[in-house]
Every structure is written in C-alpha cells, then in structure tokens.
Amino acid sequence: MKRHHVIDSPYGPLTLVADDGVLAGLYMAGQRHRPAQETFGERDDTILGEVTEQLDAYFAGESRRFTVPLRLTGTPFQRAVWKQLQAIPYGRTRTYGELAEALGNPGASRAVGLANGRNPVGIIVPCHRVVGADGALTGYGGGLDRKQRLLDFESGAALF
Numbered sequence: 186m187k188r189h190h191v192i193d194s195p196y197g198p199l200t201l202v203a204d205d206g207v208l209a210g211l212y213m214a215g216q217r218h219r220p221a222q223e224t225f226g227e228r229d230d231t232i233l234g235e236v237t238e239q240l241d242a243y244f245a246g247e248s249r250r251f252t253v254p255l256r257l258t259g260t261p262f263q264r265a266v267w268k269q270l271q272a273i274p275y276g277r278t279r280t281y282g283e284l285a286e287a288l289g290n291p292g293a294s295r296a297v298g299l300a301n302g303r304n305p306v307g308i309i310v311p312c313h314r315v316v317g318a319d320g321a322l323t324g325y326g327g328g329l330d331r332k333q334r335l336l337d338f339e340s341g342a343a344l345f
C-alpha cells in the first residue's frame with residue numbers, strides 16, 4: 186500500500202512515497218517525470234521517519250550517506266544505472282559515458298541519460314552527480330538550478 190509524506194528542504198518541498206513502508210519515491214516540486222499525485226496514496230506524516238532523519242542530516246551537512254532501504258521500480262537497465270548512481274561518491278561527479286562504460290556498454294550514454302532522468306528517488310540515489318562529457322551540467326528532472334545547488338552544496342561551495 187502506498188502512502189506519502191511531504192517535508193521541507195533547502196530545495197523546496199520533497200514528497201516521499203512509501204510502498205509498504207519502504208521508500209519508493211522522492212520527488213521535488215515541478216520535477217519532470219513526476220508521477221501523478223493520486224498515485225502516491227494517502228498522506229501520512231507518520232511514515233518514513235528514518236528517511237526524514239537521514240535527509241535532515243544530509244541537508245545539515247552532518248551526513249554524506251544514505252542507508253535507508255529502497256524499493257526502486259524500473260526496467261533491469263534502469264535499476265543497473267540507479268545502482269551505479271549510488272556508487273558515485275559524495276562531492277564527486279561522473280559522466281554519462283563513464284556510467285555506460287561501468288555498465289559494460291560504452292555506447293549507451295544516451296540510454297544512461299534516459300534512465301538517469303527516470304530515477305524515482307532523487308537526492309538519495311544521486312542522479313544530480315551526473316554531468317556531460319565536458320563536465321557541463323546537462324538535464325536534471327528537478328531543474329538545472331537545483332542540480333547546480335546540490336553540486337555546490339556537496340562540494341562545500343554553498344552555504345545555507
């Protein structure tokens with residue numbers, strides 16, 4: 186059964202979606218590929234307390250790692266890309282090509298980008314850490330401004 190909870194963050198409200206009590210979605214306001222609100226289930230502000238605590242610690246600069254269980258629903262290729270995203274260290278970036286190479290399919294940069302854009306658990310599965318081949322910011326479901334702010338935050342360049 187799905188339920189959702191909305192929390193405040195330095196990047197605007199975040200909607201956390203639980204599927205049988207496990208985090209299945211983290212969506213920003215105005216996010217591209219955000220599922221319809223009615224698919225999130227009833228609002229329940231008592232769920233996902235551990236997720237909220239870990240996000241609060243992350244935003245406070247007290248934690249660089251998430252350890253909450255996830256229920257990521259996607260194709261096998263998407264799930265493989267999302268697993269690679271979780272391996273990108275805090276404060277670092279990877280290119281779409283590097284991720285494709287890590288997946289053993291160096292010609293799949295575009296497919297990696299499409300899977301990256303469908304990541305259902307932003308921030309925790311850090312799709313914001315992926316950049317273009319030349320290091321330039323490229324598409325981000327939450328908007329390039331948020332992507333830049335997240336990267337600045339993780340590099341220590343941003344103060345809240």
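In terms of this note's numbering, the sequence shown has 328 at position 143, counting the first letter as 1, and numbering is strictly consecutive. Think of the CB as a built atom: it goes at the ideal place given N, C-alpha and C, for glycine as much as any other residue.
Expressed to the nearest angstrom, what Euclidean distance is found between the alpha-carbon atoms of residue i and residue j?
{"i": "Leu288", "j": "Gln269", "result": "8 angstroms"}
{"i": "Arg303", "j": "Asp337", "result": "23 angstroms"}
{"i": "Leu344", "j": "Gly246", "result": "Bear in mind that a pLDDT of 49 at Leu344, under 50, signals an unreliable position, so the number given afterwards is only what the model happens to contain. Taking the straight line from one Cα to the other gives about 10 angstroms."}
{"i": "Thr231", "j": "Phe244", "result": "20 angstroms"}
{"i": "Arg250", "j": "Tyr275", "result": "8 angstroms"}
{"i": "Ser340", "j": "Arg277", "result": "8 angstroms"}
{"i": "Ser194", "j": "Val266", "result": "26 angstroms"}
{"i": "Gly215", "j": "Cys312", "result": "16 angstroms"}
{"i": "Arg331", "j": "Tyr325", "result": "8 angstroms"}
{"i": "Asn301", "j": "Pro291", "result": "16 angstroms"}
{"i": "Gly282", "j": "Ala242", "result": "31 angstroms"}
{"i": "Ala296", "j": "Ser248", "result": "31 angstroms"}
Contact check, residue i vs residue j under 8 angstroms by CB: the rounded distance?
{"i": "Leu255", "j": "Val306", "result": "6 angstroms"}
{"i": "Leu233", "j": "Leu208", "result": "6 angstroms"}
{"i": "Glu227", "j": "Arg188", "result": "6 angstroms"}
{"i": "Arg334", "j": "Tyr196", "result": "7 angstroms"}
Decide if residue i is buried, meaning its Cβ has at least 16 other Cβ atoms within 10 Å, or exposed.
{"i": "Asp284", "result": "It is Leu, not Asp, that sits at residue 284 in the sequence shown. With 16 or more Cβ atoms within 10 Å of its Cβ, Leu284 is classed as buried."}
{"i": "Thr200", "result": "buried"}
{"i": "Met146", "result": "As shown, the chain starts at 186 and ends at 345. That puts residue 146 outside it, with no answer to give."}
{"i": "Glu238", "result": "exposed"}
{"i": "His218", "result": "exposed"}
{"i": "Gly206", "result": "exposed"}
{"i": "Ala272", "result": "exposed"}
{"i": "Ala203", "result": "buried"}
{"i": "Arg279", "result": "buried"}
{"i": "Ala321", "result": "exposed"}
From the DSSP output, read off the bridge partner residues of residue i.
{"i": "Gly210", "result": "Val202"}
{"i": "His190", "result": "Leu201"}
{"i": "Pro195", "result": "Gly197"}
{"i": "Arg303", "result": "Arg303 pairs with nothing; no bridge assigned."}
{"i": "Arg228", "result": "His189"}
{"i": "Thr280", "result": "Val316"}
{"i": "Leu255", "result": "Leu208"}
### Query
Counting pairs of Cβ atoms below 8 angstroms between the stretch 216-226 and the stretch 309-320, do you hit three or more?
no
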